[in-house]
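Chemist:
Protein chains: 4
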Amino acid sequence: MLQINRFYGVHNMCRFLAWVGEQRYLDELVQEQEQSLVIQSRNALIGKTPINADGFGLAWYSDRETPCFYKDTHPAWSDANLKQLAHHTRSRLFLAHVRASTGTATSRNNCHPFGVGKWSFMHNGQAGGHDQIRQELDSMIPAHLYGHRMGATESEAIFLIAHGEGLDSNPIGSMARAVGRVEALSRQCGSLPYMRFAACWSDGKRVFAARYASDRYAPSLHYRTSDDGIVISSEPLDADSDGWVEVQPNTAIVTEGSVVSIHAFDPSVKREPAKVA
Amino acid sequence: MLQINRFYGVHNMCRFLAWVGEQRYLDELVQEQEQSLVIQSRNALIGKTPINADGFGLAWYSDRETPCFYKDTHPAWSDANLKQLAHHTRSRLFLAHVRASTGTATSRNNCHPFGVGKWSFMHNGQAGGHDQIRQELDSMIPAHLYGHRMGATESEAIFLIAHGEGLDSNPIGSMARAVGRVEALSRQCGSLPYMRFAACWSDGKRVFAARYASDRYAPSLHYRTSDDGIVISSEPLDADSDGWVEVQPNTAIVTEGSVVSIHAFDPSVKREPAKVA
Amino acid sequence: MLQINRFYGVHNMCRFLAWVGEQRYLDELVQEQEQSLVIQSRNALIGKTPINADGFGLAWYSDRETPCFYKDTHPAWSDANLKQLAHHTRSRLFLAHVRASTGTATSRNNCHPFGVGKWSFMHNGQAGGHDQIRQELDSMIPAHLYGHRMGATESEAIFLIAHGEGLDSNPIGSMARAVGRVEALSRQCGSLPYMRFAACWSDGKRVFAARYASDRYAPSLHYRTSDDGIVISSEPLDADSDGWVEVQPNTAIVTEGSVVSIHAFDPSVKREPAKVA
Amino acid sequence: MLQINRFYGVHNMCRFLAWVGEQRYLDELVQEQEQSLVIQSRNALIGKTPINADGFGLAWYSDRETPCFYKDTHPAWSDANLKQLAHHTRSRLFLAHVRASTGTATSRNNCHPFGVGKWSFMHNGQAGGHDQIRQELDSMIPAHLYGHRMGATESEAIFLIAHGEGLDSNPIGSMARAVGRVEALSRQCGSLPYMRFAACWSDGKRVFAARYASDRYAPSLHYRTSDDGIVISSEPLDADSDGWVEVQPNTAIVTEGSVVSIHAFDPSVKREPAKVA
Chain B
1 MLQINRFYGV HNMCRFLAWV GEQRYLDELV QEQEQSLVIQ SRNALIGKTP
51 INADGFGLAW YSDRETPCFY KDTHPAWSDA NLKQLAHHTR SRLFLAHVRA
101 STGTATSRNN CHPFGVGKWS FMHNGQAGGH DQIRQELDSM IPAHLYGHRM
151 GATESEAIFL IAHGEGLDSN PIGSMARAVG RVEALSRQCG SLPYMRFAAC
201 WSDGKRVFAA RYASDRYAPS LHYRTSDDGI VISSEPLDAD SDGWVEVQPN
251 TAIVTEGSVV SIHAFDPSVK REPAKVA
Chain A
1 MLQINRFYGV HNMCRFLAWV GEQRYLDELV QEQEQSLVIQ SRNALIGKTP
51 INADGFGLAW YSDRETPCFY KDTHPAWSDA NLKQLAHHTR SRLFLAHVRA
101 STGTATSRNN CHPFGVGKWS FMHNGQAGGH DQIRQELDSM IPAHLYGHRM
151 GATESEAIFL IAHGEGLDSN PIGSMARAVG RVEALSRQCG SLPYMRFAAC
201 WSDGKRVFAA RYASDRYAPS LHYRTSDDGI VISSEPLDAD SDGWVEVQPN
251 TAIVTEGSVV SIHAFDPSVK REPAKVA
Chain R
1 MLQINRFYGV HNMCRFLAWV GEQRYLDELV QEQEQSLVIQ SRNALIGKTP
51 INADGFGLAW YSDRETPCFY KDTHPAWSDA NLKQLAHHTR SRLFLAHVRA
101 STGTATSRNN CHPFGVGKWS FMHNGQAGGH DQIRQELDSM IPAHLYGHRM
151 GATESEAIFL IAHGEGLDSN PIGSMARAVG RVEALSRQCG SLPYMRFAAC
201 WSDGKRVFAA RYASDRYAPS LHYRTSDDGI VISSEPLDAD SDGWVEVQPN
251 TAIVTEGSVV SIHAFDPSVK REPAKVA
Chain V
1 MLQINRFYGV HNMCRFLAWV GEQRYLDELV QEQEQSLVIQ SRNALIGKTP
51 INADGFGLAW YSDRETPCFY KDTHPAWSDA NLKQLAHHTR SRLFLAHVRA
101 STGTATSRNN CHPFGVGKWS FMHNGQAGGH DQIRQELDSM IPAHLYGHRM
151 GATESEAIFL IAHGEGLDSN PIGSMARAVG RVEALSRQCG SLPYMRFAAC
201 WSDGKRVFAA RYASDRYAPS LHYRTSDDGI VISSEPLDAD SDGWVEVQPN
251 TAIVTEGSVV SIHAFDPSVK REPAKVA
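Written as structure tokens, this is what we have:
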């Protein structure tokens, strides 16, 4: 395990997984796997924060235009509602997240996934000097989206800034630009590490995920394709790592039906900050 | 309103509604009606306790054998999860409840509906001298069902005692016997009112409801049939009371498809206490 | 009650009280009065929102330099911890608040009182168009205080802006300037009512309170002096209103020992916005 | 660490500490030690359950006749109220507990310490077959104390049964009898381990603690005396174990002023079950 830590670095802060494919009950992935997300909440194998007990969240797509969110502040392993909902809810596309706070309060508003319209987003990572840059981060959020600023995490801010960069038309490029802008802020502030970023987001049809860091320690990210769908996860859901593919740093993936395509994810491209309307 | 109170008595403690029929989104009844359950949680029109803010709960039937429960301790009007779940969940049969505690703690374990296997149950009312009879009430619960005794309410106890009385084979008679046994306990204890009872329970196919009191003040209970299903509710969901039928005291109703049948509900029949196995 | 409402207007959103004087147990004022704060949380007599059940908070001063805060999101009447703490805590200066949300989430971070260093602050009121002005409000908060921006209420923002205006050296003038700056923002936005404001704040020695509105409907504010201290409260704590003095609109009060002094409170003075460092 | 586990057994489920002596701020022991209780909640060194995140509780004695309780269901490390209260509360006698559930729900009612009148009690351990014996356990609680039965833990039941056995007149013997009676129930049920028990209880003047198991694996228990008082704790609060004394199995300790006396603690004495009045 030390070796794994040395490889991935010491700041894997949260855990998440996403499913897209045939309809599945959420608990098949969230609770019943050998290294399920709930087990990861008590005992993550990769990363130095084995406990992810500062809240959790689910987002699943059904027949409404928006996803359904369920979030709470208790550890995932002890929440009776989570067990009930994951057992009874079936979806072709869902996101699930367990949180280990890097400083902001344990509050429903700080739990992932976050949502705007059809979009959902969840994140594992951090921006250096978050406490120092929070106000500037807030001011980067487009005014028409500020009503969606519910909490105080950099995660939510990155998501809302990505919206302003054109998430609908360019789901990967806009996210890279948002990450780049926040990283630039961290660099000005001078707090290392500038940016650690693994995230997963969806419009209800495709799932996007990306892995990046300003240093060598990009948070872990894996996926596995099978006959009935694709799982994307912070760490493999079973000890047998066969079939699990590690997403490389500076890389994004997109699911399109049962196909996963690989894309560059480069937040470091120099650019002018986008105008905030 | 005083007149209504005089008629219904002063101890209407909770509010509930149930739906059976075509699939409906829960929020169509729980949130969007003129006098929806969430509005009742702030401002019940019938009864002397206008505020029902000591927790709430939902139970809905989907494809699993058991219903799905979601309960929490916040006021129904402010719970973001409730809003999300009710907006995105569609079911052909669901129960919803807002609680006004008559003494026991505000705790998820004390929130209705309660469940055992395929059965769900919710209640508005009280048993006299609950504090004095609680231990005997607990001892009345069949041993094999005690693992389902999660909280401290008389409501949950009545439900579990009814199970022991044969809920599966005689859903109305067993409930009447359970209510009768608990009322007998209250009478021994001598605390008025001995029994006020309005309840709703389901096996996932039919919905049962009953109204009874040991005095003149049986808690309110109404239903309305329409083309696509049946609503059962503590109070009419719109000001226009057309179409709403008041269930009479000492009466139970059963839905069978789109038909409501009326039955006697008589807990006062003298009988030996059933043996608890 | 209608008449009272007509007089005070329709937007009294929260309830609070403060005590300064001899050491008193908190529950003597928070729970045991005829119209105690906990009773006001269920049944406020003045104002159109009788239910204040979206969280509560306490701040009391003891031997530490900072006050102690206890906040939670449940209704005040059902929180066992509140009952315990109020029964066992004795203080010569404390603030207590019950919240009725005007839109922002029910979250500990949105519960009053708020604190920075030795200062505590609680508020009843609103700024028009809060959703539209929130981002500008956030940008008005001095950078070095942004770490104290925990929630999303205008109340907390006003408090932090007042800090930037010099709360330590001019506790009333700085608050008036903060209220004026936020009112100016609301006026630009054009959402009525621009500003309704009743608040209470303390440095651990003196208690300050002020009442103001941009229209005729300043939220209610009263105080009563007695041999052993001074109570400041949204509404009188007993039906016998003898001894209760109504604070007039555009007025602030300051306690200095057992003396209450009256001051002008005029946020409408034209001035340049203070520079945010 | 494996060796430690082998020694102490695999079922150290919770962590607690108590202080009696000069007035101390709670956070000096609960948060600020090298291996403070809050650190133990994330990373207990002794025992197989390193995470104790299923709620916590404090009880402290001040000027009232009863102790003050503060309990909540979040992990101790993330509760802002706990941090506030522990920082501002000073007491000459307090108990603190972090919980790792062995099955019963995460609920305030299941959090330790428990209280009746002047007494407080907290526990680390388990009774074999708790699910099977719960109803009999409930029936063992004296009727006049059943109103204090708030939750579903065997811990609370043992405490209330001890009351019935004469806690006031014989604080150690009554506890031993209660533990013995519950162990006898577990033996009838046949579920191993019959009894693991480390507990700490107080009448506001003295602190009692005991360590016992029906097998070789009594939960850990230590204490340290110093000039200004006595700490009793599941595990030493600093790496330097100097000064820490391990309480031996089958042993109880009592503080009387600054003196710790050692007593036999023998639940296995054969006796008739006490009559429950």
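Sequences listed follow chains B, A, R and V, in order. By full-length UniProt numbering, the letter at position 140 of the first sequence is numbered 140, and the numbering carries on one by one without gaps. By full-length UniProt numbering, the letter at position 51 of the second sequence is numbered 51, and the numbering carries on one by one without gaps. By full-length UniProt numbering, the letter at position 241 of the third sequence is numbered 241, and the numbering carries on one by one without gaps. By full-length UniProt numbering, the letter at position 113 of the fourth sequence is numbered 113, and the numbering carries on one by one without gaps. Glycine is no exception: its CB is placed at the ideal position from the N, C-alpha and C atoms.
1) Can you find a C-beta in chain R that's less than 7 Å from the C-beta of T102 (chain A)?
2) As an exercise, report each continuous alpha helix (DSSP H) stretch of at least 4 residues that is fully enclosed by the stretch 130-169 of chain B, in chain order.
3) Quick one: grab the DSSP three-state call for R64 (chain B).
4) Can Q35 (chain B) and L221 (chain B) be called in contact, C-beta distance under 7 Å?
5) So residue 285 (chain B) contacts chain V; which residues on that side make the cut at Cβ distance below 8 Å?
6) Pair every Cβ in the stretch 45-60 of chain R with every Cβ in the stretch 99-113 of chain R, then say whether three or more of these pairs are closer than 8 Å.
7) Just to make sure I have the definition right: I need the residues of chain R whose C-beta is within less than 8 Å of the C-beta of Q126 (chain B). Which are they?
8) If we ignore side chains and look at the alpha-carbon of each, how far apart do V10 (chain B) and Y212 (chain B) end up?
9) Would you kindly work out how many angstroms separate the C-alpha atoms of G164 (chain R) and A178 (chain B), rounded to a whole number?
10) Are T255 (chain B) and R196 (chain B) touching if we call contact CB-CB under 7 Å?
11) Which residue comes first and which comes last in the alpha helix (DSSP H) that contains V38 (chain R)?
12) Consider the Cβ of N109 (chain R): report whether some Cβ of chain B lies at a distance smaller than 7 Å.
13) Our contact map puts I172 (chain B) next to C200 (chain B) with C-beta atoms below 8 Å; I'd like the distance itself, whole angstroms only.
14) Could you name the residues of the same chain whose beta carbon sits closer than 7 Å to that of V38 (chain R), not counting the 5 residues immediately before and after it, in chain order?
15) Any idea what DSSP makes of N12 (chain A), helix, strand or coil?
16) By DSSP, does V259 (chain B) sit in helix, in strand, or in coil?
17) Taking 7 Å as the threshold (beta carbon to beta carbon), is G166 (chain V) in contact with chain A?
18) Helix, strand or coil for D266 (chain R), going by three-state DSSP, please let me know.
19) Can you find a C-beta in chain R that's less than 7 Å from the C-beta of H263 (chain V)?
20) For S78 (chain R), would you say it is in contact with chain A, using Cβ-to-Cβ distances shorter than 7 Å as the test?
21) Considering only the beta carbon of each residue, do L185 (chain B) and G128 (chain B) sit closer than 7 Å?
22) What residues from chain B crowd round A105 (chain R), counting only those whose CB sits closer than 8 Å?
23) In chain order, what residues of the same chain lie with their CB nearer than 7 Å to the CB of P67 (chain A), ignoring the 5 residues before and after it?
24) Count the other C-beta atoms from every protein chain shown that fall within 10 angstroms of the C-beta of Q248 (chain V), then say buried if there are 16 or more, exposed otherwise.
25) Looking at Q135 (chain R): is its Cβ nearer than 7 Å to the Cβ of A143 (chain B)?
26) Measure the beta-carbon distance from A209 (chain R) to A252 (chain R) and round it to whole angstroms, keeping in mind my assumption that it falls under 8 Å.
27) Within 10 angstroms of its Cβ, does E65 (chain A) collect 16 or more other Cβ (buried), or is it exposed?
28) Please compile the residues from chain B whose C-beta is within a distance smaller than 9 Å of the C-beta of P75 (chain V).
29) Who are the near neighbours of D138 (chain B) in its chain, counting only those whose CB is closer than 6 Å to its CB and skipping five residues on each side?
30) For S186 (chain R), report the span of its alpha helix (DSSP H) as first-last.
31) As an exercise, report each continuous alpha helix (DSSP H) stretch of at least 4 residues that is fully enclosed by the stretch 57-114 of chain V, in chain order.
32) Please report the residue range of the alpha helix (DSSP H) in which V30 (chain A) lies.
33) Going along chain A in order, which residues have a C-beta closer than 7 Å to the C-beta of S62 (chain B)?
34) Give me the Cα-Cα distance between A198 (chain R) and P219 (chain R), rounded to the nearest whole angstrom.
35) If you compare alpha carbons, which of B:F69, B:G147, B:A157, B:A162 is closest to residue 279 (chain R)?
36) Under 7 Å, Cβ to Cβ, is there at least one residue of chain R near F16 (chain V)?
Modeler: In brief:
1) no
2) 130-140, 154-164
3) coil
4) no
5) There is no way to answer for residue 285 (chain B), as the model of chain B reaches only from 1 to 277.
6) yes
7) Those do not exist, as Q126 (chain B) stays about 16 Å from chain R at its closest Cβ, beyond 8 Å.
8) Because the pLDDT of V10 (chain B) is 37, which lies under 50, any placement of that residue in the model is unreliable, and the number read from its coordinates should be weighed accordingly. Roughly 15 Å between the two C-alpha positions.
9) 31 Å
10) no
11) 37-43
12) yes
13) About 12 Å separates the two Cβ atoms, so there is no contact after all.
14) V30, Q31, A76, W77
15) In this predicted model, N12 (chain A) has a pLDDT of only 46, less than 50, meaning its place in the structure is not dependable; the value taken from the coordinates is given anyway. Here N12 (chain A) sits in coil by DSSP.
16) strand
17) no
18) coil
19) no
20) yes
21) no
22) R108, N109, M150
23) A59, W60, Y61, G115, S120, G204
24) exposed
25) yes
26) 7 Å
27) exposed
28) I51, A53, D54, H74, P75, T106
29) none
30) 171-189
31) 80-88
32) 27-30
33) H88
34) 6 Å
35) With chain R running from 1 to 277 in the structure shown, residue 279 (chain R) is simply not present.
36) no
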